[in-house]
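Below is one structure, written out as structure tokens; the observations come after it.
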Amino acid sequence: MVIMLMMLIKRLINLSVDSIIAGVKEIIKAAEESKVEIKSGSDGGNVIVAKAQTDAIAVLGGPNSKATQGAGSKLAGVVSETDPWSMINKIKNTEATDPAELKKDSTNKAGTLAASRSNASGGGGAGANSKADLAAAVALKAMTKDGKFSAASEDEGVVKAAGVNAVNKVLGVLEEIIRQTVAKNLKKVRKAVEGIKYSQMTEAGGVTETGSIQSTAIK
Numbered sequence: 001m002v003i004m005l006m007m008l009i010k011r012l013i014n015l016s017v018d019s020i021i022a023g024v025k026e027i028i029k030a031a032e033e034s035k036v037e038i039k040s041g042s043d044g045g046n047v048i049v050a051k052a053q054t055d056a057i058a059v060l061g062g063p064n065s066k067a068t069q070g071a072g073s074k075l076a077g078v079v080s081e082t083d084p085w086s087m088i089n090k091i092k093n094t095e096a097t098d099p100a101e102l103k104k105d106s107t108n109k110a111g112t113l114a115a116s117r118s119n120a121s122g123g124g125g126a127g128a129n130s131k132a133d134l135a136a137a138v139a140l141k142a143m144t145k146d147g148k149f150s151a152a153s154e155d156e157g158v159v160k161a162a163g164v165n166a167v168n169k170v171l172g173v174l175e176e177i178i179r180q181t182v183a184k185n186l187k188k189v190r191k192a193v194e195g196i197k198y199s200q201m202t203e204a205g206g207v208t209e210t211g212s213i214q215s216t217a218i219k
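Counting in full-length UniProt numbering, the sequence shown runs from 1 upward without gaps.
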């Protein structure tokens, strides 16, 4: 299972937003079936809708709708302060049809934000449902094959760093989820093996009256 899940993580890179979301959900489903707790985290509250090209969400506008200087730093700030587990939960509970049309309010979730094109620009009134949705969208967009951010030349470095930070947060949590999933399944296997050993020893007469297993001597 661990090999399968780790291969799935590698396959997530450079896919469409829809495919990445589906892959993350597959990993989480396997974990939940193994009784791994998927923490909720704090979503950081609502993000103000983009009223200007300097707002953080304007960076999701794509190459045809340039955000102005300062928007990149605001976006990086949102990513930096967002709980990674909350980002995973936002991806788990989102859908996306690529490309997506943003609503002119603060109800847009991670998948829609990540799949948006030039309609996330300032002045359009589009906003994120929460800071975690915005941070998760940055990770999703950075992982996609054709994902492009809008950034002023002065902000290109900070936007790139924000994308790397967001991706690392998401992949870090996924790796932890996989580690816990494997540990849970190994524990089940050990219990099953111990059960088999106990059964075999019982059949061989190697169990005392108190039920403890004794080694059998060969004469």
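All C-beta atoms, glycine included, are put in the ideal place defined by N, C-alpha and C.
Kindly identify the DSSP beta-bridge partner or partners of Ala128.
Asn108
Using a Cβ-Cβ cutoff of less than 8 Å, which residues in the same chain neighbour Lys169 once the five nearest sequence positions on both sides are dropped?
Val79, Thr82, Pro84, Met87, Ala135, Ala139
Using alpha carbons as the reference points, say which of Leu171, Gln69, Glu95 lies closest to Ala152.
Measuring from the Cα of Ala152, the nearest candidate turns out to be Gln69.
Sort out for me which residues DSSP pairs Ala100 with in a bridge.
Ser116
Indicate the three-state DSSP secondary structure (helix, strand or coil) for Thr82 in the structure shown.
In the displayed model, Thr82 falls within coil according to three-state DSSP, outside both helix and strand.
In terms of residue numbering, what span does the alpha helix (DSSP H) encompassing Ser19 cover?
Per DSSP, the continuous alpha helix (DSSP H) segment holding Ser19 begins and ends at 17-33.
Ordered along the chain, which non-local residues of its own chain (more than five positions away) have a Cβ less than 6 Å from that of Gly41?
The residues Asp83, Trp85, Ser86, in chain order, have a CB closer than 6 Å to that of Gly41 in the same chain once the five nearest residues on each side in sequence are set aside.
Output the distance between the C-alpha atoms of Lys160 and Val173, rounded to the nearest integer angstrom.
20 Å
Just verifying my parser: in three-state terms, what is the DSSP assignment at Leu174?
helix
Taking a contact to mean a Cβ-Cβ separation below 8 Å, would you say Ala100 touches Ala115 in this structure?
yes
Within 8 Å, strictly: CB atoms of Ser130 and Val49
no
Are Ala137 and Ala110 closer than 8 Å when you measure CB to CB?
It is a contact, given that the beta carbons lie within the stated cut-off.
Comparing C-alpha positions only, which one of Arg179, Gly45, Lys92 sits nearest to Ser34?
Arg179
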